[in-house]
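> Top to bottom, those sequences are chains U and P.
One gets this note's numbering by counting positions in the first sequence from 1 and adding 9 to each.
One gets this note's numbering by counting positions in the second sequence from 1 and adding 1 to each.
Take a look at this one; I'll ask things after.
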Amino acid sequence: MTEGRLVLGPFNRVEGDLEVHLDVADGVVAAARVNAPLYRGFERMLEGKDPRDALTITPRICGICSISQSAAAARALGAAMGLTPPPAGEAVMQLIHAVENVADHMTHFNLFFMPDFTRPIYADRFWHGQALDRFTAMQGSAQRAAVAARAELLHILGLLAGKWPHTLALQPGGVTKAPGARDKVRLSTHLRAFRRYLEEVLFGAPVEDFAALASTDGLKDWSRGDAGLFLRIALDTDLENLGRGAGRYLSFGAYPLAGGHAFRAGVWDNGPQTLETSAIAEDLSHAWMLGATAHPLRGMTLPDEDMRDSAYSWCKAPRLDGRPMETGALARQVIDGHPLAVDLAIRGGGVLARVTARLLEIARTQILMEDIVRDLDPAARFMEAGSLPDQGVGAGLVEAARGALGHWLRIEQGRIASYQIIAPTTWNFSPRDSLGIPGPLEAALAGTPLRPGEETPVAVQHVVRSFDPCMVCTVH
Amino acid sequence: MSQIETFYEVMRRQGITRRSFMKYCSLTAAALGLGPSFVPKIAHAMETKPRTPVIWIHGLECTCCSESFIRSAHPLAKDVVLSMISLDYDDTLMAAAGHAAEAALQDTIEKYKGNYILAVEGNPPLNEDGMYCIIGGKPFVEQLRHAAEHAKAIISWGACASYGCVQAAAPNPTRATPVHKVILDKPIIKVPGCPPIAEVMTGVITYMLTFDRMPTLDRQGRPAMFYSQRIHDKCYRRPHFDAGQFVETWDDEGARKGFCLYKMGCKGPTTYNACSTVRWNEGVSFPIQSGHGCIGCSEDGFWDQGSFYDRLTNIKQFGVEANADQVGMAAAGVVGGAVAVHAAVSALKRAQKKTQDKVEG
């Protein structure tokens, strides 16, 4: 197709449901509108409930990043209670969160992103045979290895969090499980096994080597492991210039530990800036939601049951000071100042940059997790007691695998008076705002080339998946 | 039927060795609580029976059931089951996208009419004519009805499909409704839990694929082999309950010693599930073992029973049929009014959606 309109959906291999409407002109995408067609109303269910119920209910927004939701809820409650976990409890909480984030990156790369390169449309490429062997959906050898390695990594969650998905172990005052000396040995065993997978299969080299890459040119020379296969494909298909971003990134900061966030909080708008969370507001002009543009502490979730014509998604449009923001592994690594990520962002921040940032983050987080386990002191306190206030507000800002996740809570008369959630994909897949400014994915899709006759354009698939959308979180 | 392969052929084609296959058969027998004499029976069934196709669809949910499923304890069991269902339809894991995916679903339904198992993850929201969950331009409830029409049996995965789960929590904004309240004319097996334990999922599906019949169900429609005992019955902290040794606050001396979590709101005494025996994440642990009480996620209505940290004496006992019905009736009553008010508006909206006008089946 070279002219006209195209509706893509349902998307498979994304968490939840997604529809993308494209206006096509001269063989490229002229404009895109992203629709999140699933709404459940979590924020409304929470109203009037015991505030602690948020710890059980919000993780169930999403079965893939349930710990991120759980961590944000615990933090929001903790803020309202004036409670912070003791350092050891915080460290275990961050370890639990890091494991889930790494597992999510693994799922994205192996199960969601790479299988698109096994499509027959690429049959004439020199790497296609290798892609088929490694990444054919549900059969590829890389997929099997990744699922097995991931399952073993998640033993850590079994051990510390009791069950996954949907753990209950993360509390405002810390974690319910105090790991003993024996647990510490088991934790390091699982991490060693995971390192072996990373170094033998994903990177084909020490994780430190990948984490030490400092430029796009250095990256392009990486030939080993599945990362090397991805880079050969990326160079051949020009993923560097596909789905370029606007150079605006947001991170709430990942893994707050005794010495500060392991990956810094901040904003990047073609250069580093400080983060003012009071400048966050959700615009409802193109969402089937009623109400005015508001900061999440004052905002509400009231679905427009008429589904008015001027709107096109259940997703609200969060903006920072009126600006749409991209969030995720790339944003975190850019804001943390990692030279490779900064270089990738300056050169356009396209599909290559987003996928590479996840690989980079897997490598860096592996090192971080090993550090946390090494420093674990079984004799330390892992939980502080606290009591719920009758009135109070709190914000829980964390970094999920897919980016900045915020919970904003208001307690009145001991009950939840309002609960608002902005998920990473709400930022990335936001619809237009009242000024008509498109969300990050909508902007990144503009200019994407279509091949003649394509009904599910493969380039559009790459761009959409490079954000690792989690649609169930988006609207919740 | 001759054109459908046997399970054994499928497995061999997927690169599973004869040795692994036999191992799988004995594992299956063990997992299902059957004696060694059943191993050759299972093997024979899988060598001779045509494969039962499985269609796996997702409604209003969080995909936690799929997440649980893909990391089942025995990699072999998972590989085998995944290879059995890979030929058919699963919209989270499959390769196809967009219209190709819809066509694949249609093809599978046509090809195996009356012969496939429909696995449902999540549930349909009925408010606004199902507009809160649109798949391929149509409300999920239509996809569900269509796929169910020609199914041999239905598996309701998880608390969402079985009971509604948290998205049905008061005021149930979208009127999320469990599968058995929408599909009335098919055998439905409920595998509740949020999510269900991976081994329970593979166990149930293996049983159905292997023996071509439903496992024995309890009166709530759950497979008795996994849901006939309370968490409390087999809890490793049970001796502390009997001895009156309880955790009083988080991370206190009792918590460090692994005392009973009853006073912290544990719902183990009223929850029927296999967590305390099969455990989670490949048998590593389960919530009580990590120091948090059970919230009863495999019981109907667990999401709306007061605080999860209230002691059991303070709440109504759930898991009791009469009470479950009352909860369901109350929810239906509340949303009934809302539906009538908005029906006209929604009908107009439907007319605007071109893609929705496609004729069904």
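Quick reminder that beta carbons are idealized off the backbone N, C-alpha and C, glycines included.
1) Helix, strand or coil for P:E129? Go by DSSP, reduced to three states.
2) Under DSSP, the alpha helix (DSSP H) around U:G237 begins and ends at which residues?
3) Compare the C-beta of P:F309 against all C-beta atoms of chain U and say whether one is closer than 7 Å.
4) Identify each residue in the region 231-252 of chain P for which the Cβ-Cβ distance to at least one residue of chain U is less than 8 Å, and report them in chain order.
5) Among residues of its own chain, excluding the 5 on either side of U:P68, which ones have a beta-carbon nearer than 8 Å to its beta-carbon?
6) Rounded to the nearest angstrom, what separates U:L168 and U:D192 at their Cα positions?
7) Alpha carbon to alpha carbon, how far is U:G337 from P:M202?
8) Could you tell me if P:K139 is buried or exposed, where buried requires 16 or more neighbouring beta carbons within 10 angstroms of its beta carbon?
9) Does DSSP put P:G320 in a helix, in a strand, or in coil?
10) Tell me whether the region 33-43 of chain U and the region 160-174 of chain P touch, counting them as touching only if at least three CB pairs, one residue from each stretch, are closer than 8 Å.
11) Write down every uninterrupted run of the alpha helix (DSSP H) in the region 280-362 of chain U whose length is 4 residues or greater and which is fully enclosed by it, in chain order.
12) May I ask you to list, following chain order, the residues of the region 174-186 of chain U that have a beta carbon less than 9 Å from some beta carbon of chain P?
13) If you pair each beta-carbon of the region 320-336 of chain U with each one of the region 246-257 of chain U, do three or more pairs fall below 8 Å?
14) Less than 7 Å between CB atoms is the rule here; does P:L61 satisfy it with respect to chain U?
15) Run through chain P and tell me which residues come within less than 8 Å of U:M54, C-beta to C-beta.
16) Using only the alpha-carbon positions, how far apart do U:G275 and U:L306 sit?
17) Give me the chain U residues within the contact set of P:C134, using Cβ-Cβ distance strictly less than 9 Å, ordered along the chain.
18) With H, G and I counted as helix, E and B as strand and the rest as coil, what does DSSP make of U:P458?
19) Can you pull the chain U neighbours of P:S69, defined as C-beta to C-beta under 7 Å?
20) Considering only C-alpha positions, which residue in the set U:Y321, U:W277, U:A140 is nearest to U:H486?
21) Do the region 356-371 of chain U and the region 464-477 of chain U meet, that is, are 3 or more Cβ pairs less than 8 Å apart?
22) Taking the alpha-carbon of U:D32 as reference, which of U:A340, U:R14, U:A453, U:L248 has the nearest alpha-carbon?
23) Once the 5 residues before and after U:L369 are set aside, which same chain residues still bring their CB inside 8 Å of it?
24) Output, in chain order, the set of chain U residues within a Cβ distance shorter than 7 Å of P:E129.
25) Mind checking which residues open and close the beta strand (DSSP E) that includes P:E122?
26) Given a threshold of 16 other Cβ atoms within 10 Å of its Cβ, counted over all protein chains shown, does P:H45 qualify as buried or as exposed?
27) Let's see if you can read the secondary structure: which residues bound the alpha helix (DSSP H) around P:T204?
28) Starting from P:S299, follow the beta strand (DSSP E) in both directions and report where the run begins and ends.
29) Leaving out five residues before and five after U:F1 in sequence, what residues of the same chain have Cβ atoms less than 6 Å from its Cβ?
30) Quick check on this structure: which residue in U:A107, U:T457, U:I289, U:F391 has the alpha carbon closest to the alpha carbon of U:L163?
31) Quick one: give me the first and last residue of the beta strand (DSSP E) that U:Q429 is part of.
32) Quick check on this structure: which residue in U:A157, U:L329, U:R383 has the alpha carbon closest to the alpha carbon of U:L284?
33) How long is the line joining the alpha carbons of P:C261 and P:D253, rounded to whole angstroms?
34) Nearest to P:E249 by CA position, among U:A394, U:I242, U:E52, is which residue?
35) I'd like to know if P:S291 contacts chain U, where contact means its C-beta is closer than 7 Å to some C-beta of that chain.
36) Could you give the residue range of the alpha helix (DSSP H) that holds U:P216?
Put simply:
1) helix
2) 234-245
3) yes
4) T250, W251, D252
5) S75, I76, Q78, S79, A82, P174, H175, T176
6) 8 Å
7) 32 Å
8) buried
9) Note on P:G320: pLDDT 35, under 50, position unreliable in the model; the coordinate value appears next. The answer is coil: DSSP assigns P:G320 none of H, G, I, E or B.
10) no
11) 338-344, 348-355
12) P174, H175, T176, L177, A178, Q180, G182, G183, V184, T185, K186
13) yes
14) yes
15) V167, Q168, A170, A171, P172, N173, P174
16) 20 Å
17) D26, P46, L47, Y48, R49
18) strand
19) P174
20) The question about residue 486 of chain U has no answer, for chain U in this structure spans 10 to 485.
21) yes
22) U:R14
23) F219, A220, L222, A338, Q342, H347, L349, A350
24) E314
25) 117-122
26) exposed
27) According to the sequence shown, residue 204 of chain P is Gly rather than Thr. Its alpha helix (DSSP H) spans residues 199-212.
28) That residue, P:S299, is in no beta strand (DSSP E); it is neither H nor E in DSSP.
29) The question about residue 1 of chain U has no answer here: the residues shown for chain U are numbered 10 through 485.
30) U:A107
31) 424-431
32) U:L329
33) 12 Å
34) U:A394
35) yes
36) In the sequence as displayed, the identity of residue 216 of chain U is Val instead of Pro. 216-220 is the extent of the alpha helix (DSSP H) around U:V216.
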